[in-house]
Ligand code: S3P
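Next up, the structure:
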């Protein structure tokens, strides 16, 4: 049985912070699809969006997800748009431990407000964008998730503990 735990959810939900803590709690490795994409491309995400467009980024993301879910004893944090492609949803739906991490719109806005590295949020009204993306993606996250965790009011440590408690081998 696969011992990979995949964290999905919107930008600012805390997937990387909580994922790192969760991995160290379980003695697992931690990987982030965005970082793997950047390493392999030798460029950062804004550059990839600029030069290859969002579709180019999504192709890279799809290839990386397919590979990372085959690993053992690993926590994988994914980019917020991972559920947009049906092929990614098919891959995620087959796994036992897919955690949908989310938070209130206000929290998501607060946690991403100073960020310049998320191309989709470099718009005049990032709050509306976050709301729009979430209304499109929330049903998709729920379709493939085995657990849903709302992180408002939880420290990253507490959130990691809750996921560790719900982890099923
Ligand atoms: C994206 C989320 C980002 C990154 C890219 C696109 C999205 O990852 O993959 O900027 O479509 O929501 P995080 O969710 O880790 O910020």
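In my numbering, the protein residues as written are -16 to 152. Built from N, CA and C at the ideal position, the CB exists for glycine as well.
Out of 143, 140, 131, 150, point me to the one whose CA is closest to residue -7's CA. Here the question's residue -7 lines up with position 10 in the chain shown. It is 131 whose Cα lies nearest to the Cα of residue -7.
Ligand 1 and residue 39: does any heavy atom of the ligand fall closer than 6 Å to the residue's C-beta? As a working mapping, residue 39 is identified with position 56 in the chain shown. False, no ligand heavy atom lies under 6 Å from that Cβ.
Helix, strand or coil: how does DSSP classify residue 83 here? Working through the chain shown from its first residue, we reach residue 83 at position 100. Strand at residue 83.
How big is the Cα-Cα spacing for residue 145 and residue 41? Against the chain shown, residue 145 aligns to sequence position 162. Against the chain shown, residue 41 aligns to sequence position 58. Cα to Cα, the separation comes out at about 30 Å.
State the Cα-Cα distance for the pair residue 94 and residue 129, rounded to the nearest angstrom. Reading the chain shown from its first residue, position 111 is the one you call residue 94. Reading the chain shown from its first residue, position 146 is the one you call residue 129. Going from the Cα of residue 94 to the Cα of residue 129 covers about 25 Å.
Counting pairs of beta carbons, one from the region 103 to 118 and one from the region 85 to 93, are three or more of them closer than 8 Å? Look at the beta carbons and you see the region 103 to 118 touching the region 85 to 93: at least three pairs across the two are nearer than 8 Å.
Out of 149, 139, 44, 148, point me to the one whose CA is closest to residue -5's CA. As a working note, residue -5 is residue 12 in the chain shown. Answer by Cα proximity: 139.
Can you give me the Cβ contacts of residue 17 inside the same chain, cut-off strictly under 7 Å, excluding the 5 residues immediately before and after it? To locate residue 17, count along the chain shown from 1; it is residue 34. Answer for residue 17: 28, 62, listed in chain order.
What residue range is occupied by the uninterrupted alpha helix (DSSP H) comprising residue 40? Mapped onto the chain shown, residue 40 falls at position 57. That run of the alpha helix (DSSP H) goes 28 to 51.
To which residues of the same chain is residue 112 closer than 7 Å at the C-beta, ignoring the five residues directly before and after it? Numbered from its first residue, the chain shown carries residue 112 at position 129. Excluding residues within five positions, the ones whose Cβ falls inside 7 Å are 103, 104, 106.
Evaluate residue 134 with the Cβ neighbour count: other Cβ atoms within 10 Å of its Cβ, from every protein chain shown; 16 or more gives buried, anything less gives exposed. Counting from one through the chain shown, the residue named residue 134 turns up at place 151. Its Cβ being crowded by 16 or more others within 10 Å, residue 134 is buried.
Under the three-state reduction of DSSP, which class applies to residue 131: helix, strand or coil? To locate residue 131, count along the chain shown from 1; it is residue 148. Three-state DSSP puts residue 131 in a strand.
Close Cβ partners of residue 57 (< 8 Å) along its chain, the five nearest in sequence each way excluded: On the chain shown, residue 57 is found 74 positions in, with the first residue counted as 1. Result list for residue 57: -14, -13, -12, 6, 11, 12, 13, 14, 51, in chain order.
For residue 60, count neighbouring Cβ atoms within 10 angstroms of its own Cβ and tell me buried if that reaches 16, exposed if not. Reading the chain shown from its first residue, position 77 is the one you call residue 60. When all chains shown are included, residue 60 counts as buried.
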